[in-house]
Every structure is written in structure tokens, then in C-alpha cells.
Amino acid sequence: MEDARHDAVLFVLIAFALDWTLWIAAGIASGGRIEGALWSALLPLSMYGPLLAALVLLKTGRVKVGRGWRLKLRGHVLLYLAALLLPTLLAAAGAAVYFCFVPGDFDTTLSSFAAAAEEQLGAGPSQIPALFAAQVASSALLAPFLNALFAIGEEAGWRGYLYPVLKRLLPARGAALATGAIWGIWHAPLIAMGYNYGRSYSGFPFVGILAMVLFCAAFGVFLSWLRDRSESVWPSALAHGALNATAGIGIWFSRGGQGILGPAPLGLLAVIPTLVLAAVLLRGMSGAAEPES
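Structural data, given as C-alpha cells:
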């Protein structure tokens, strides 16, 4: 157990050091604002920080684990379908919960989407419904596969290395929650610069960091469940990519955009369906830590 604890701590230190150094330096260069060409390149590239940390530990670490980096489709098609589709359903359900609590923010006219479509495509009002449907279909069915090529950089580290190492120390449900919470804390410098939630909420940035940890712990249970069932990190990467592609759909229906409460599933109200799913999945996870091999 001491070896597993050592490798888990070292992995976290390396993963955080790699990306926090880049993010903080970029934040200083950009005046604390996540915008511009520098951040457009840095954010997707920094998703490979956990993969690099895993590679270091796989070479130098004391604990050997099954990485699950191979694609395993045979017998797992339904898991890949769940990975593709469930994040979209969680995003839609989360937005619905948010608008139930904050009905005044609901915009039935899709005014922000319509304005963007008019500016970028010259679209008229009659074209907006078809364009929006095409946008949703693309986000839900096509974009996740492209996004997965970046998300694999995170999943190969979080669910491919850290999660199986933590399962030597904790029951599977505890390891899944801990991995997700660490994943959420990893985002802290970005949240402190206004990423995902902006800066205008009470308790900035600490409430935002807590909200991110809550969401990542809950959604991370689903990603860990996919990892266990498929014996591969690729369904987790696909689900992660689907989340990144569809989390903002509810924002098109919002008058005020994303805030600390929602409508994206990262918000404190919109996260409720993800919390419910996590609670259901946790009931079926193993109650004992895995022995050292």
C-alpha cells in the first residue's frame, strides 16, 4: 500500500506541476484572462499533461497497473453508445433542472444562437431552427469523436493510471470519487481566471472551484464505471469528449449565459442529474480495495 500511495502522490504532483506551470504563466502573459490565440492552443495541449505524468510513473513507479490504453470494441458496443449519448442527456437534463429553478433565464427564442448565426452565416430567422438542430446533432454525434483525441490525454492519466493505483488503497467507489475530485482540483487555476463560471458570482473563485470538484467527482464516477466495464480508457475519453461537445447546449437557451448555477452541467443546480447517476453507479461498485499484484 505504501508503494501505491507513493506513486499516486507523485503522479498528482507531476500532472499538476506540468499544467499549472503553463496555465499560470499564460495567465500572467494574458492579464489573467483566458482568451486569445495563446489559450486556444494551450488548453487542448494541456489535456495531455496527465498522460505525460502517467508515462513518467509507468517507467519509474513502484506499482504496475493495467493501463487500459488499448481500444476494445468487441463486446462493449453498448458501453461506447452510452459514452457517446449519456453526456448529452445529462446536459439536457441539467439544463432542464436549472431552468425549473431559474425560469426567468429561459430564452425560447434562442436569441444568442440566432445572433451568432446571423453574424457568422448571414442566416435569417426562418433558418434558425434547422441550423440549431444541425448544431445539436453535430455536437452530440460527431464532435465527441474529435474531442476524444484530446480527452484521451486526460483519461489515459486520470482513469488509465491514477484510478487503478487508488484502487489499491481504496474501494472502487472511493477511488472513483477521489480520482474525480483530484481531476476537479486540477482545474483550479483555470477557474480562478474565470473559466467555466465567469467571475461575477459570490465567493469567487472558491465556490467555482468547489462546484468544479463536485461535478468532476460525480461525472468521474461515470468515467470510472466505463473504464471498469470496458477494461479500456477509450469509452471514458469518448464520454469526456461528448461532455465537452454538448455541455454548452443549454447555454443557447439562457439569457445570461453560463453561471455558477448552470445551465451547463457544471453548475450547482444543473449538476443534479449527474449526481443522481453517480449515486446509482456507486451502489454497484466494489466495496473492497484491490490487492497488490
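Heads up, the sequence shown is in this note's numbering, so the first residue is 156 and it goes up one at a time.
From the three backbone atoms N, C-alpha and C, an ideal C-beta is built for every residue, glycine too.
* So, is F256 buried or exposed, given that buried needs 16 or more other C-beta atoms within 10 angstroms? -> F256 comes out exposed.
* **Same chain only: Cβ atoms within 7 Å of V368, ignoring 5 sequence neighbours per side** => Apart from the 5 residues on each side of it in sequence, V368 sits with its Cβ closer than 7 Å to the Cβ of A336, G339, I340 in its chain, given in chain order.
* **Those residues which DSSP pairs with F465 across a bridge** => In the structure displayed, the chain extends from 156 to 448; residue 465 sits before or after that span and is not available.
* **DSSP state of Y235 mapped onto helix, strand, coil** => helix
* **P367 - DSSP class collapsed to helix/strand/coil** => The sequence given here places Met at residue 367; Pro does not occur at that position. Looking at M367 - three-state DSSP - the assignment turns out to be helix.
* Roughly how many angstroms separate the alpha carbons of V320 and V167, rounded to a whole number? -> Rounded to the nearest whole angstrom, the C-alpha separation of V320 and V167 is 12 Å.
* Whole-angstrom C-beta distance between A400 and P420, which should lie under 8 Å -> Contact annotation, P420 with A400: C-beta distance approximately 12 Å; criterion of less than 8 Å not satisfied.
* Straight-line CA distance for Y318 to R225? -> 16 Å
* L207, DSSP secondary structure in three states -> The three-state reading of DSSP puts L207 in helix, counting H, G and I together.
* **DSSP three-state assignment for S185, whether helix, strand or coil** => coil
* Have a look at L424 and G329 and give me their C-alpha separation to the nearest angstrom. => 24 Å
* Asked: Touching or not, the stretch 404-419 and the stretch 261-274, by the rule of three or more beta carbon pairs under 8 Å?
  -> Taking a cut-off of 8 Å for Cβ pairs, the stretch 404-419 and the stretch 261-274 touch, as three or more such pairs fall below it.
* Asked: Just checking, does the stretch 379-396 make contact with the stretch 281-293 on the three C-beta pairs under 8 Å criterion?
  -> no
* Asked: So, do the stretch 193-205 and the stretch 165-181 have three or more beta carbon pairs nearer to each other than 8 Å?
  -> yes
* To do: Starting from R314, follow the alpha helix (DSSP H) in both directions and report where the run begins and ends.
  => No alpha helix (DSSP H) contains R314, which DSSP labels as neither H nor E.
* Hey, how far is the Cα of A271 from the Cα of P360? -> 29 Å
* Beta-carbon separation of K227 and S387 under 8 Å? -> yes
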